[in-house]
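Participant:
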Amino acid sequence: QEGTKVPSKRKQNASRVTSDLLHKNLLKSEQKNWNNISPAYKAMTKRIREKLEELHNMYTLNSGSPRMRFGGNVYFEENGCIFLAKADDGKGSAEILFSVEDLGFSDAFIQRLRISPDQRYLAISLKSENSEEATCIIMKLGNLPVVEKVIPSVFSFEWAASDVLYYTTQKNLKCQNVFMTTFTYQKHTKLVYTEQDARFFVDLYCTKDRRFLTINSNSKTTSEVWLVDCRHPFESPALVQARTTGLIYHIEHRGDQLYILTTHGEPAEYKAILTDNYIHRINLDTYCRSYRNIASSGKENWQLVYALEKKTKLVDFEMFSDDCVMFLKNAGHLYLNVISFVSHSVQSIKLPTWACEFELESHPEHTTSTCYFQLSSPVHPPKRFAYSFKENNLIEQAVQEVPIITNCHTTRLLAKSKDETLVPITVFHNKNSKELHRRPLLVHVYGAYGIDLNMSFKEEKLMLIEEGWILAYCHVRGGGEQGLSWHRDGCQLNKLKGLHDLRACITLLHQLGFSQPNHTALAAASAGGVLAGALCNTDPALIRAMVLQAPFVDVLNTMMKTHLPLTIEEQEEWGNPLEDEKCLKYIKSYCPYQNIKPQCYPSVFITAYENDERIPLTGILQYVQKLRKAALDHASRTSKKGNWIPNIILDVQANGSHCDLSWEHSLNE
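In this text, residue positions in the sequence shown follow the numbering used here: the first is 55, and each later residue adds one.
(1) Nearest-angstrom Cα distance between Thr298 and Ser83?
(2) In the DSSP assignment, find the beta strand (DSSP E) that holds Glu278 and state where it starts and stops.
(3) So, is Pro631 buried or exposed, given that buried needs 16 or more other C-beta atoms within 10 angstroms?
(4) Spatial neighbours of Pro646 within its chain, please: C-beta separation below 6 Å, excluding the five flanking residues on both sides.
(5) Quick one: any contact between the segment 371-384 and the segment 519-530, if contact means 3 or more CB pairs under 8 Å?
(6) Which two residues bound the contiguous beta strand (DSSP E) that contains Gln707?
(7) So, for Asn127: in the same chain, excluding its five sequence neighbours on each side, which residues have a beta-carbon less than 8 Å away from its beta-carbon?
(8) With three or more C-beta pairs closer than 8 Å as the rule, is the segment 529-547 touching the segment 502-513?
(9) Examine the Cβ distances between the segment 244-258 and the segment 270-281 and report whether three or more of them are shorter than 8 Å.
(10) Quick one, which of Glu723, Leu721, Ser711, Asp370 has its alpha-carbon nearest Ala162's?
(11) Let me check one thing: in DSSP terms, what residues is Lys642 bridge-paired to?
(12) Enumerate, from N- to C-terminal direction, the unbroken alpha helix (DSSP H) stretches of 4 or more residues contained entirely within the segment 76-135.
(13) Determine the extent of the alpha helix (DSSP H) in which His554 is found, giving its start and end residues.
(14) Out of Asn701, Gln240, Glu132, Glu278, state which residue places its alpha-carbon closest to the alpha-carbon of Glu249.
(15) For Ala97, is the classification buried or exposed, using 16 other Cβ atoms within 10 angstroms of its Cβ as the cut-off for buried?
(16) Using only the alpha-carbon positions, how far apart do Ile641 and Arg691 sit?
(17) Measuring CA to CA, which of Arg466, Arg492, Lys488 is closest to Phe482?
(18) Roughly how many whole angstroms lie between the Cα atoms of Leu338 and Leu312?
(19) Can you tell me where the beta strand (DSSP E) with Leu151 in it begins and where it stops?
(20) For Lys615, name the three-state secondary structure that DSSP assigns.
(21) Residue ranges of each beta strand (DSSP E) run of no fewer than 3 residues wholly in the segment 567-606, ordered along the chain?
(22) Taking just the CA atoms, how far does Ser471 sit from Leu704?
(23) Alpha helix (DSSP H) containing Arg691: first to last residue?
(24) Nearest to Ser399 by CA position, among Glu718, Val379, Thr222, is which residue?
(25) For the segment 573-580 against the segment 491-498, do three or more pairs of beta-carbon atoms, one drawn from each stretch, fall closer than 8 Å, so that the two count as touching?
(26) On the three-pair Cβ rule with 8 Å, is the segment 199-212 touching the segment 171-191?
(27) Out of curiosity, what's the CA-to-CA distance linking Phe427 and Asn391?
(28) Going by Cα to Cα distance, which pick from His617, Lys262, Val200, Ile178 is closest to Tyr221?
(29) Taking only the alpha-carbon atoms, compute the straight-line gap between Lys194 and Leu245 and give it to the nearest angstrom.
(30) Of all the alpha helix (DSSP H) runs that stay within the bounds of the segment 445-514, which reach a length of 4 or more residues?
(31) Is there a Cβ from chain B that is less than 8 Å from the Cβ of Phe606?
(32) Quick one, are the C-beta atoms of Ile519 and Asn548 less than 8 Å apart?
(33) Relative to the C-alpha of Leu198, which candidate in Glu149, Thr236, Tyr113, Gln240 has its C-alpha closest?
(34) Using C-beta distances below 6 Å, list every residue in its chain close to Glu413, excluding the 5 sequence neighbours before and after it, in chain order.
(35) Return the chain-ordered list of same chain residues with a C-beta closer than 8 Å to the C-beta of Val200, the five sequence neighbours on each side being excluded.
(36) Okay, do the segment 600-620 and the segment 660-669 touch, 3+ Cβ pairs below 8 Å being the bar?
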């Protein structure tokens with residue numbers, strides 16, 4: 055139109071060049087600083103490395119790898135090799151089918167493995183540490199396995215039939231296209247589904263009985279599922295229930311019925327699904343809904359059966375031919391609920407009190423009579439357990455002789471937050487430790503996306519326990535430890551509740567005699583950096599040090615940049631400051647980068663990754679510079695003798711991509 059000013063390309067390019075130059079200068083400055091500082095830690099690094107390698111060899115190497123059973127065959131992966139063994143012969147007679155190095159991917163690791171129903175083909179995804187995207191390789195098995203097809207940039211894949219593979223492609227952290235490819239007769243590949251909404255991410259799943267392949271399109275709060283009939287894999291997918299804002303659901307199948315795990319109805323928590331045949335005969339602790347066929351699968355035909363107890367999280371759900379297994383978390387404890395479709399009964403088993411994490415092993419055969427899973431905690435290496443449906447009991451599997459951790463005490467506490475909400479804390483310490491108030495304390499926090507704080511086994515956590523440290527895990531709002539409402543209470547315009555929770559947790563720990571502020575460190579990774587960084591601004595006197603891994607510390611500027619791959623998708627977690635003034639002011643009130651000011655800060659150690667696609671390195675570089683300047687400004691303004699100036703250190707790793715590290719890189723870090 056007349057009078058419209060045309061933006062100057064020259065100015066835009068000059069601005070971009072200036073920004074790139076600033077980034078390079080900041081990076082060079084931090085690398086120089088790191089090279090000057092790191093030699094001071096050489097002796098400590100050597101001691102820690104030797105201790106961690108010793109613990110790794112003692113525990114992790116004994117834990118074994120998950121096994122996938124198909125009829126009389128068992129497949130498993132170890133050290134980059136795929137093995138095949140007979141089900142009853144154990145690993146001793148296993149033969150190597152092929153290795154990652156054979157395929158020319160020496161620097162990659164196997165992320166996913168799927169075997170075709172007739173065991174003629176095997177599909178694996180290989181991923182390097184420097185990329186978010188994986189490569190899918192389809193092998194034709196036989197006396198000499200042959201590479202049948204290589205598909206780049208794949209996220210998920212499932213066999214719909216013995217020679218038909220469905221897969222999703224990933225680009226710029228988004229997964230929106232589903233393809234089908236065939237391997238016999240007329241080989242061809244075609245696009246079968248495209249997601250148009252940038253907030254949604256698509257992945258694939260096969261029901262336990264392999265009757266349906268599900269195309270799942272999920273945002274942070276809403277989902278939609280399409281079904282592919284595995285008996286007719288070339289037919290168009292059928293919609294189960296059109297997406298409805300706030301409604302999440304997942305599909306399983308047994309017999310002639312679909313079983314729906316959904317948040318439909320009040321309260322808006324997950325509700326496990328059973329057929330209406332059992333509504334009056336079974337005493338469950340979940341709502342259940344079902345329907346007879348896909349044509350009548352809309353939510354108007356779902357029937358309510360039973361609801362989860364308040365503040366109970368459904369961690370996982372597994373369907374078998376005669377039973378359904380639910381793993382639940384309540385008040386920090388893990389439970390196993392087994393629902394029998396034969397006896398119309400439910401059995402609830404409280405799992406060992408030390409257990410904090412569980413991992414379900416792959417069960418390709420839904421007719422199996424045993425459910426295998428592993429339990430662990432930050433200081434307890436994975437232990438294998440089996441639940442026998444026939445015997446109705448839980449059995450601890452002692453496959454290898456793994457030393458038992460006996461000197462660690464686990465305590466569960468509740469801290470009262472600003473609004474009186476009780477926030478769970480899990481504490482570990484050495485039973486032999488005396489004068490706990492003098493011991494160093496490492497506090498962990500996350501509190502975002504409805505994801506539980508990571509409490510899987512780590513060698514360094516066990517090392518700290520042995521050296522007299524106290525470990526505390528604060529299950530603040532924004533995470534998922536107490537169900538979906540726990541997440542809702544800590545996202546968007548409720549994000550400050552997570553900060554209040556964290557403050558209450560650390561304060562209670564000190565009040566109960568677990569360490570003291572000048573012996574307390576705070577650790578967080580990724581989005582956990584928001585709450586950790588916010589506390590560092592509001593309550594720096596509560597901690598002496600903070601350790602962050604690939605932290606999200608510049609929420610406001612990141613959420614204002616819609617060209618970044620995750621900004622639109624993340625609006626359901628943080629809000630949209632571009633269109634909502636209230637949201638903009640709210641984010642500004644807690645954003646770590648925005649609230650740095652001259653004061654006495656704790657020491658800070660940050661690890662970042664040059665190739666991180668999720669957390670822009672520029673934001674971390676600017677955060678470190680601003681934080682260091684604020685700390686020095688404060689020191690120069692106060693003329694107290696012996697004024698303490700914190701160490702603020704950034705280690706930028708050339709390898710790795712957003713907290714996704716192999717053991718070797720994790721050890722180096």
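Cβ atoms here follow ideal geometry from the backbone N, Cα and C, with glycine treated the same way.
Facilitator: A quick look at the data gives this:
(1) Separation of Thr298 and Ser83 (C-alpha to C-alpha, rounded to the nearest whole angstrom) is 50 Å.
(2) 277-283
(3) buried
(4) Gly587, Ala588, Val607
(5) no
(6) 702-707
(7) Leu138, Ala139, Lys140, Ala141, Gln173
(8) yes
(9) Touching, yes.
(10) The shortest Cα separation from Ala162 among Glu723, Leu721, Ser711, Asp370 belongs to Ser711.
(11) Lys642 is not bridged to any residue.
(12) 96-112
(13) Where His554 is concerned, the enclosing alpha helix (DSSP H) stretches over 549-565.
(14) Glu278
(15) exposed
(16) 29 Å
(17) Arg466
(18) The pLDDT assigned to Leu338 is 29, lower than 50, so where the model puts this residue is not dependable, and the model offers no usable value.
(19) 149-153
(20) coil
(21) 574-579, 599-603
(22) 32 Å
(23) 671-691
(24) Val379
(25) yes
(26) yes
(27) 14 Å
(28) Ile178
(29) Taking the straight line joining both Cα atoms gives about 23 Å.
(30) none
(31) Reference to chain B is not applicable here, since this structure consists of a single protein chain.
(32) no
(33) Distances from the alpha-carbon of Leu198 to those of Glu149, Thr236, Tyr113, Gln240 put Glu149 closest.
(34) Gln428
(35) Excluding positions up to five away in sequence, the list reads Met193, Lys194.
(36) Result yes; three or more Cβ-Cβ pairs closer than 8 Å.
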